[in-house]
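Undergrad: Note that the working numbering numbers the sequence shown so that position 225 is 325, with each residue one more than the last.
Here a beta-carbon is modelled for each residue, glycine too, at the ideal position from N, C-alpha and C.
These numbers come from a predicted model, not from an experiment.
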Amino acid sequence: MRVFKFGGASVKSAEAVRNVGEIISGYQGEKIVVVISAMGKTTNALEKILMADNSNIELLISDVEVFHNDIIKKLFPDSESKVYRRVNTVYAEMRSFISNNDMQTNKSYAHFVGFGEILSTIIINQYLNLIGIKSIWCDAGDLIITENKYVEAKVQWNKSIAKIKDKITLLFKDNDIVISQGFIARTESGECSTLGREGSDYSAAIFANAINSEDLTIWKDVPGLLNADPKFFDKTYKLDYISYRETIELAYYGASIIHPKTIQPLKKKSIPLYIKSFLNPNDKGTTVQQEAFADSMISSYIFKKNQVIVSISARDFSFIAEDSLSLIFKQLNSYNLKVNLMQNSAISFSICLDNNKELVHSFIADMQKIFKVRYNENMELITIQNYNQDVIDELIGNREVFLEQKSRTTVQILVR
């Protein structure tokens, strides 16, 4: 048994969907769970609907509908195909949900954004059946169970593993391909929840762990895991092999190639991860496994722009002790703010965050009720694995350094 994951870029058009069909057809006779994200930028479009004025909502929903219908028309020559009835039902559910719910809650967010994955998996399930690849559609919300939290919810592992094992085993009796969604789940009380943005990688890893998959392949628009973003470097290197440990660190520090939570479920059962190009599916890609000694020879670079540094200190010049830190982290958690870098001294505590201005400014306002708070925006966080001083000096240039932290293998530098 295998697990494949296709992201939004790999299913963004009719041509892309045909390519997915060609890739899967190359594994005839194998049992594969295929986890699929929303098509293209659909999740962004659905989030835009959630924030829209009532006067614009219908137009924005129509845009989502037209986008998917254009893909369907190019894939299904028969205008009476069952796929139209199924997606029309989803469009109707979207409109009904908007009309009957307060869209400014996390509960509504989790329910509504999941429509993107529902649409993409319906289309691909129907397309595979059309071209002779027998597949069956499966609702991930019936299988992946989370805590009673709607956004970035924690997975209830024992319940999820049991449900996935039972359901997938049953479906594989009569089908080679099971199509399911990434990103979405359901709470213990039966409400829709999500695993966090870009969480489809994590969904695929959960499936792989549950069914003791032979491997997990994530199909991307790049040849594998690169040591740097080609947008910033003229010359990049593909890592042929990399260890679980180093991949977790790269993902944690902000490498966009993979979701940070993906590796742990695979590591627990020594399931290899292949990161391959859907544009060149026969190329080798990158293998992520337990040990990979060759990866430590190449420096890797991660750049996170639009950062803000927040420095918190006591009003009376007293120590920032455990009780203060506990309060700070409780507020960070309540705003779903992830700390990218932190540093503390006797009387101050500094944290670097992605500058989601609305959330960050609300967090700062809360902190100012108790502490003295200073902050600086328009920062950039540079992370280098396997660094040397020459590389650091070249990347910093004449920019001002606000924070710098080093370990044996990794350096993080906050600059402006």
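Between which two residues does the beta strand (DSSP E) holding Tyr-520 run?
TA: There is simply no residue 520 to check, as the chain begins at 101 and stops at 516 in what is shown.
Undergrad: Which first and last residues belong to the beta strand (DSSP E) in which Arg-185 is found?
TA: From DSSP, Arg-185 is part of no beta strand (DSSP E) but of the alpha helix (DSSP H) over 182 to 200.
Undergrad: On a Cα-Cα basis, can you pick out the residue from Asp-454, Asp-329, Phe-176, Val-117 that is closest to Val-410?
TA: Asp-454
Undergrad: Just to confirm the assignment, what range does the beta strand (DSSP E) spanning Phe-104 have?
TA: 102 to 106
Undergrad: So, with DSSP's three-state summary, where would you put Val-164?
TA: helix
Undergrad: What residues match up with Glu-480 in a beta bridge as DSSP calls it?
TA: Val-515
Undergrad: By the DSSP assignment, the alpha helix (DSSP H) with Thr-205 in it spans what residues?
TA: No alpha helix (DSSP H) holds Thr-205; DSSP gives it neither H nor E.
Undergrad: Which of helix, strand or coil does DSSP assign to Val-322?
TA: coil
Undergrad: Identify whether Asn-406 lies in helix, strand or coil by the three-state DSSP scheme.
TA: strand
Undergrad: Contact defined as beta carbons within less than 8 angstroms: I believe Asp-321 pairs with Leu-379. What is the distance between those atoms, to the nearest angstrom?
TA: 6 angstroms
Undergrad: Can you tell me which of the three DSSP states Glu-158 falls into?
TA: Under the three-state reduction of DSSP output, Glu-158 falls in the helix class.
Undergrad: Just to confirm before moving on: does the CB-CB distance between Gly-385 and Ile-375 stay below 8 angstroms?
TA: yes
Undergrad: Check whether the Cβ atoms of Val-111 and Ser-289 sit closer than 8 angstroms, and answer yes or no.
TA: no
Undergrad: Could you name the residues of the same chain whose beta carbon sits closer than 8 angstroms to that of Arg-186, not counting the 5 residues immediately before and after it, in chain order?
TA: Ile-222, Gln-226
Undergrad: Touching or not, the stretch 225 to 245 and the stretch 273 to 286, by the rule of three or more beta carbon pairs under 8 angstroms?
TA: yes
Undergrad: Starting from the Cα of Glu-147, find the closest Cα among Arg-297, Leu-503, Ser-280, Ile-123 and give me that residue.
TA: Selected option, being the one with the closest Cα: Arg-297.
Undergrad: For Asn-433, report the span of its beta strand (DSSP E) as first-last.
TA: That residue, Asn-433, is in no beta strand (DSSP E); its alpha helix (DSSP H) goes 422 to 434.
Undergrad: Which whole-angstrom value is the C-beta distance of Leu-413 and Ile-447, which I expect to be below 8 angstroms?
TA: Sequence inspection shows Ser at residue 413; the Leu mentioned does not correspond to that position. The beta-carbon distance between Ser-413 and Ile-447, rounded to whole angstroms, is 5 angstroms. This is short enough to meet the 8 angstroms contact definition.
Undergrad: Going by C-alpha to C-alpha distance, which of Asp-493, Ile-420, Lys-438, Gln-512 sits closest to Val-473?
TA: Ile-420
Undergrad: Is Ser-426 close to the ligand NAD? I mean its beta-carbon at under 7 angstroms from any heavy atom of the ligand.
TA: As presented, the structure is devoid of all ligands, the ligand NAD included, so that no description of it is given.
Undergrad: From what residue to what residue does the beta strand (DSSP E) around Glu-504 run?
TA: Per DSSP, Glu-504 belongs to the beta strand (DSSP E) from 501 to 506.
Undergrad: Whose C-alpha, out of Tyr-487, Arg-508, Gln-489, Glu-480, is nearest the C-alpha of Arg-499?
TA: Glu-480
Undergrad: Within 10 angstroms of its Cβ, does His-461 collect 16 or more other Cβ (buried), or is it exposed?
TA: exposed
Undergrad: By DSSP's criteria, Tyr-250 is part of a beta bridge. Which residues make up the other side?
TA: Its beta-bridge partners do not exist; DSSP assigns none.
Undergrad: Whole angstroms is fine: what's the gap from Ser-450's alpha carbon to Asn-440's?
TA: Cα to Cα, Ser-450 sits roughly 11 angstroms from Asn-440.
Undergrad: Among residues of its own chain, excluding the 5 on either side of Asp-163, which ones have a beta-carbon nearer than 7 angstroms to its beta-carbon?
TA: Ala-145
Undergrad: Under 8 angstroms Cβ to Cβ from Lys-254, same chain only, skipping five residues before and after it: list those, please.
TA: Thr-246, Glu-247
Undergrad: For Ala-285, which three-state DSSP category applies?
TA: strand
Undergrad: Go ahead and label Glu-391 buried or exposed: buried means 16 or more other beta carbons lie within 10 angstroms of its beta carbon, across all protein chains shown.
TA: exposed
Undergrad: In chain order, what residues of the same chain have a beta carbon less than 7 angstroms from the beta carbon of Ala-210, not counting five sequence neighbours either side?
TA: Tyr-250, Val-251, Cys-292, Ser-293, Thr-294
Undergrad: For a test of the three-state rule: what should DSSP assign to Met-397, helix, strand or coil?
TA: In the structure shown, Met-397 sits in a helix (DSSP, three-state: H, G or I).
Undergrad: Answer yes or no: do Leu-437 and Leu-459 have a C-beta to C-beta separation smaller than 8 angstroms?
TA: yes
Undergrad: Got a sec, what are the start and stop residues for the beta strand (DSSP E) Leu-441 sits in?
TA: Per DSSP, Leu-441 belongs to the beta strand (DSSP E) from 439 to 444.
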